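**Student:** Quick one: the structure is below, and I'll ask about it shortly.
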Amino acid sequence: MIFIFPFLAIWLIGGFAIDIEFLEIYIPILEEVDTRVWGGLSLTFIMAIFAMLFCFPIGIILALGRRSELPTIKYASVAFIEFWRGVPLITVLFMASVMFPLFLPGDTNVDKLMRCVIGITLFEAAYMAEVVRGGLQALPKGQYDAAKSLGMGYWQMNALIILPQALKIVIPGIANTFIALFKDTPLILVVGLLEFLGMIKLAGANPEWLGFAVEGYVFAATVYWIFCFSMSRYSQRLEIRFST
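This is how it looks when you write it as C-alpha cells:
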C-alpha cells in the first residue's frame, strides 16, 4: 500500500480536472501545486520510493554489465559504477540541481524535483549493482553451465536461473541499500527542497515553536526508525520465506 502513496500524492498535488471536450465542459477540481512548495513526509516518500523502484532494475543491469564478456559493456558499467560510488551524494544533488540545467538546450526545463530523483536513483543504482554482483559471484559456475546445457540464451538464463538465486542471497544487502536511501533523502535540503526533516527544521525557526526543537527531532528520529525497522523486519521475513 505504501508504494501506491507517491503515485496518488503526485496525482493529487499535480492537480486534475474534469474535461469533456464535446460538451465544452471544464471543471477544475484541484489546482496544480508547484514542486518548489512540495514538502514534508509526502516528499520524503515520493523521493525514496521512486528512487527504490528505479535503482533496483538499473542496479541489476549494471551488475550484469560488469560481468559481461563484452569489453565495451563491461568497462562502461565499471566506469559508471566507480564514478557514482566515488562522488558524495550531496555533490550529486548539487550538480543535478545547479549544473545539470546548464548542459540542456535553452528551451528545455527539467523540474528540480525530477533532477534530484534522477540523481539519487543513479547514485543508489551504483551501490545496488555491487550488492547484486556479490550474489552473482556467490553462485557456483555449475549453475551457468547447467543453464547453457539446456539451450538457454543469455537473458533467459539470467531471468529464470541465475537472478532468482542471486537476489535471494543478497536480500539483506538490498534491504540495507534501501534503508540507506531512505535516510539519505534529507540531503535534498541543500537544493531547497523541504522534505520531512527540512519541514521540522523550518518549524523550529518559527517563533511560535521556539523551544520545541528537541521534540521535533525526536519525532523525526522516531518516524525514520519506524520505517527503517519495518524494512529490516520485512527483509528478514523474506529471508525466512526463501530459506536464505
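The sequence shown begins at 0 in numbering that gives the first Met the number 0 and counts up by one. Quick reminder that beta carbons are idealized off the backbone N, C-alpha and C, glycines included. From a predicted model like this one, the values you see are computed outputs, not experimental measurements.
1. Flag this pair as yes or no: are the beta carbons of Tyr233 and Ala174 separated by less than 9 Å?
2. Name the two residues that bound the continuous alpha helix (DSSP H) containing Thr71.
3. Of all the options Gly152, Ala219, Leu192 and Met98, which has the alpha carbon lying nearest to the alpha carbon of Lys182?
4. What residue does the alpha helix (DSSP H) around Ser231 start on, and which one ends it?
5. Using three-state DSSP, classify Gly118 as helix, strand or coil.
6. Label Met98 either buried or exposed according to how many other C-beta atoms from any shown protein chain fall within 10 Å of its C-beta, with 16 as the threshold for buried.
7. Nearest-angstrom Cα distance between Ser148 and Ile72?
8. Starting from the C-beta of Asn205, find all residues in its chain whose C-beta is less than 8 Å away, skip the five residues before and the five after it, and write them out in chain order.
9. Considering Cα atoms alone, identify which of Phe93, Tyr216 and Gln142 is closest to Cys115.
10. Going by DSSP, what residue range makes up the alpha helix (DSSP H) through Asn175?
11. Kindly list the residues whose CB is nearer than 7 Å to the CB of Pro185, restricted to its own chain and excluding five residues on each side of it in sequence; keep chain order.
12. Classify Leu196 as helix, strand or coil using the three-state DSSP reduction.
13. Could you give the distance in angstroms between the alpha-carbon of Ile199 and the alpha-carbon of Ala50?
14. Grouping DSSP H, G and I as helix and E and B as strand, with all else coil, what is Ile39?
15. By the 10 Å Cβ neighbour count, where 16 or more other Cβ atoms means buried, how is Asn157 classified, buried or exposed?
16. Run the CB neighbour count on Ser76, radius 10 Å, all protein chains shown included, and call it buried at 16 or more, exposed below.
17. Mark Leu52 as exposed unless 16 or more other C-beta atoms lie within 10 angstroms of its C-beta, in which case mark it buried.
18. Would you say the segment 158 to 171 touches the segment 131 to 141, given that touching needs at least three Cβ pairs under 8 Å?
19. Hey, would you say Leu61 sits closer than 9 Å to Glu123, going by beta carbons?
20. Roughly how many whole angstroms lie between the Cα atoms of Gln142 and Arg236?
21. In angstroms, rounded to a whole number, what distance separates the CA positions of Glu129 and Arg84?
22. Going straight from the alpha carbon of Leu121 to that of Cys54, what length do you get?
23. What residue from Pro56, Asn108, Gln155 and Met230 has the CA that sits closest to Tyr126's CA?
24. Are the Cβ atoms of Val159 and Ala146 separated by less than 9 Å?
**Tutor:** Let's see:
1. For Tyr233 and Ala174, yes; Cβs fall inside 9 Å.
2. Pro70 to Arg84
3. Proximity to Lys182 across Gly152, Ala219, Leu192 and Met98 peaks at Ala219, based on C-alpha coordinates.
4. If you look at Ser231, you'll find it in the alpha helix (DSSP H) that goes Ala212 to Phe241.
5. helix
6. exposed
7. Here the C-alpha atom of Ser148 lies approximately 25 Å from the C-alpha atom of Ile72.
8. none
9. Phe93
10. Ile170 to Asp183 is the extent of the alpha helix (DSSP H) around Asn175.
11. Glu194, Leu196 and Gly197
12. In the three-state reduction of the DSSP assignment, Leu196 falls in the helix class.
13. 23 Å
14. According to the sequence shown, residue 39 is Gly rather than Ile. Strand.
15. buried
16. buried
17. exposed
18. In short, these stretches touch, since the Cβ pair count reaches three.
19. no
20. Looking at the two C-alpha atoms, the distance is approximately 26 Å.
21. Their Cα atoms are separated by approximately 10 Å.
22. 7 Å
23. When only C-alpha atoms are compared, the closest one is Pro56.
24. Per the sequence shown, the amino acid found at residue 159 is Leu instead of Val. Yes, they are a contact pair.
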